[in-house]
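Number of protein chains: 2
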Amino acid sequence: MPTLIFKLNAHLYLRDPQNTLLGQKIIASSVDLIDRLGFEQFTFKKLAEEIHSTEPSIYRYFENKHRLLLYLIGWYWSWLEYRIDLFTNSLTDPKEKLKACLRVVAEKKSYDSTFEFIDEEALHRIVVAELDKAYLTKQVDNDNKEGLFGGFKSLCKKIADWVVQVNPNYPSPHALVSTLLLAAKQQIFFADHLPSLTNIGKDESRYLKLEVFLNTVLFNSIQE
Amino acid sequence: MPTLIFKLNAHLYLRDPQNTLLGQKIIASSVDLIDRLGFEQFTFKKLAEEIHSTEPSIYRYFENKHRLLLYLIGWYWSWLEYRIDLFTNSLTDPKEKLKACLRVVAEKKSYDSTFEFIDEEALHRIVVAELDKAYLTKQVDNDNKEGLFGGFKSLCKKIADWVVQVNPNYPSPHALVSTLLLAAKQQIFFADHLPSLTNIGKDESRYLKLEVFLNTVLFNSIQE
DNA sequence: GCAGTTATAATAGCTTTACTATCATAAAGG
DNA sequence: CCTTTATGATAGTAAAGCTATTATAACTGC
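Protein sequences appear in the order of chains A and B. So in the numbering used here, the last one in the first sequence is 1636, and the numbering has no gaps at all. So in the numbering used here, the last one in the second sequence is 1636, and the numbering has no gaps at all.
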């Protein structure tokens, strides 16, 4: 299998971390560290210690830790869209595409050997716990101008287009899709920490329950 | 009209800010400052300057700025539930209650003179921009044990109960309600900053569009 | 094989944040 | 009037989030 690399928006980094050994170590270890410590407790200093490098070296790759988070999340959305493409490519019916898409969104995430130095399971936990912090900032408009949320927007557009194909009269395809994409991670978080806010449990059946929930909301909302 | 005061979980504060002049100034000014600066840039030092007090004095009311945020958000949910009660009290049909409830959730928020020193419009912007940061932390389980998310959970339960009354067979009432409550603020944020993720605009019609969106998703999802 | 560029490391330092400790003073309550 | 108790004033600490400087190693072109 050929090695794949996602081409992410160049404003996300100062030096492309995919091109160098140090860069790859930064990515791999930051996924691990943010997952373990949470984004607030994560610092470039701790990351530097972890990979036996130094703070200034990391700053040559990423302007600050917020950009690094945006990079990881951008990578996640690229990966998710890549997976969705994989499972919808052979389908023609937009309804079927949507179903396959929601399956990918809701499914349990595990290590994808196509991408060597990223632990997708940990990255998914990061998305669940930290995604909203990526855009809920005072610099959101500047970040958006630089295209730093391109991954999320691109995926949302793709799915919304299928919604429109199913029902051209449905008035809020983008709102519905962004709601569902966020609900997918919120419900996982609630199941783990605030269970009274969800009906999805902690056991392995959660992924199927989540998929059913997303399907119900989506298809009932857009029914012709 | 009698003056109302919400009784919030006592773990949210060290000294009840509603009882003293300094406490009220802390609340009023923190709403203003967090709204203007965002939660990250907001510090107790800046707040102290604003109200001509000192950092240690504020620390006597709130353990840290995260607790203060939880307090404000807890207050917001209490206020929203109070408003929902106000508009659903006279209704008997759970469908009608749900409709009235979604109207309150989606409506434009403006200053409520029942509560003197809180600017509900600014507080709503804070909820839109900062709510997720209240629970997306590594201490979420401890905070939850102390009951710091009681306001959100209480409201979610109340609405989910009405959903169950409308359709006792719907399998995910809590997931649906938490999704909708969060969607209400996410869509406002997207309309303001990432418009391609929503179909709700910037003009005054947004509140009605949001209400319609929430209604469609809710009632189509739970239809018998 | 040498000169020049470039990546990384090593070290230091600066400002701000988040928080604590100590002491003084003023107001409120019994 | 004496004593709690709230607030203010001041100082200080550890860590976070950067930046600057210099050294060294590696690789690049000639």
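Using N, Cα and C, we set each Cβ at its ideal position, and we do this for glycine too.
- prompt: Taking Cβ-Cβ distances shorter than 7 Å, what residues in chain A pair up with residue 1450 of chain B?
  reply: 1549, 1550
query: What's the gap between the Cα of residue 1627 of chain B and the Cα of residue 1586 of chain B?
result: 16 Å
Stretch-stretch touch, CB-based, cutoff 8 Å, three pairs: the stretch 1477-1496 of chain B with the stretch 1529-1547 of chain B: yes
Cβ-based contacts, 7 Å cut-off: residues of the stretch 1600-1620 of chain B near chain A: 1602, 1605, 1606, 1608, 1609, 1610, 1611, 1612
task: Mind listing the chain A neighbours of residue 1628 of chain B? Cutoff is C-beta to C-beta under 7 Å, in chain order.
output: 1633
Best match in A:1433, A:1542, A:1547, A:1435 for proximity to residue 1604 of chain B [C-alpha to C-alpha]: A:1547
query: Apart from the five residues just before and just after residue 1466 of chain B, which ones in its own chain have a Cβ nearer than 8 Å to its Cβ?
result: 1460
query: What is the DSSP secondary structure of residue 1649 of chain B, counted as helix, strand or coil?
result: Lying before the first or after the last residue shown, residue 1649 of chain B is absent from chain B, which here runs from 1413 to 1636.
- prompt: Does the beta carbon of residue 1423 of chain B come closer than 8 Å to any beta carbon on chain A?
  reply: no
- prompt: By the criterion of Cβ-Cβ separation under 8 Å, what are the contact partners of residue 1598 of chain A in chain B?
  reply: 1590, 1591, 1594
field: Where residue 1568 of chain B meets chain A, residues with beta-carbon distance less than 8 Å
entry: 1608, 1609
query: Three-state secondary structure (DSSP) at residue 1618 of chain A?
result: helix
field: Proximity to residue 1432 of chain B [Cα-Cα], best of B:1464, B:1462, B:1421, B:1473
entry: B:1473
- prompt: Roughly how far, in whole angstroms, is the beta-carbon of residue 1575 of chain A from the beta-carbon of residue 1588 of chain A, given that I think they are within contact range, below 8 Å?
  reply: 7 Å
- request: Decide if the stretch 1549-1569 of chain A is in contact with the stretch 1441-1460 of chain A; the criterion is three or more beta carbon pairs, one per stretch, under 8 Å apart.
  value: no
- prompt: Going by Cα to Cα distance, which pick from A:1434, A:1616, A:1518, A:1569 is closest to residue 1471 of chain A?
  reply: A:1434
When B:1448, B:1475, B:1570 are compared against residue 1501 of chain B, the one with the closest alpha-carbon: B:1570
query: Mind pulling the chain B residues with CB within less than 8 Å of residue 1474 of chain A?
result: Within 8 Å Cβ-Cβ: nothing; residue 1474 of chain A doesn't reach chain B, min ~18 Å.
query: Within 8 Å (strictly less), CB to CB, does residue 1541 of chain A reach chain B?
result: yes
field: Cβ-based burial, residue 1425 of chain A [other Cβ within 10 Å; buried from 16]
entry: buried
- prompt: Any Cβ of chain B within less than 8 Å of the Cβ of residue 1556 of chain A?
  reply: yes
- prompt: Would the beta-carbon of residue 1430 of chain A be found less than 7 Å away from any heavy atom of the ligand ADP?
  reply: Because no ligand of any kind appears in the structure shown, any question about the ligand ADP cannot be addressed here.
- request: For residue 1515 of chain A, collect the residues of the same chain with a Cβ closer than 8 Å to its Cβ; drop the 5 residues on either side in sequence, then sort them by chain order.
  value: 1499, 1623
message: For residue 1543 of chain B, report the span of its alpha helix (DSSP H) as first-last.
response: 1532-1547
- prompt: Can you check whether the CB of residue 1490 of chain B is closer than 8 Å to the CB of residue 1418 of chain B?
  reply: yes
message: Check for me: the alpha helix (DSSP H) holding residue 1605 of chain B runs from which residue to which?
response: 1585-1605
task: Return the first residue and the last residue of the alpha helix (DSSP H) that residue 1555 of chain A is part of.
output: 1552-1557
- request: Please say whether residue 1615 of chain B and residue 1534 of chain B have beta carbons closer to each other than 8 Å?
  value: no
- request: Tell whether a beta-carbon distance below 8 Å holds between residue 1583 of chain B and residue 1556 of chain A.
  value: no
query: Which stretch, first to last residue, makes up the alpha helix (DSSP H) that contains residue 1448 of chain B?
result: 1433-1449
- request: Give the DSSP-derived three-state secondary structure of residue 1524 of chain B in the structure shown.
  value: coil
task: Could you pull the start and end residues of the alpha helix (DSSP H) that residue 1456 of chain A belongs to?
output: 1456-1462
task: Flag residue 1584 of chain B as yes if its beta-carbon sits less than 8 Å from any beta-carbon of chain A, otherwise no.
output: yes
- prompt: Anyone know if the C-beta pair for residue 1454 of chain A and residue 1545 of chain A falls short of 8 Å?
  reply: no
query: Going along chain A in order, which residues have a C-beta closer than 9 Å to the C-beta of residue 1545 of chain B?
result: 1544, 1545, 1548
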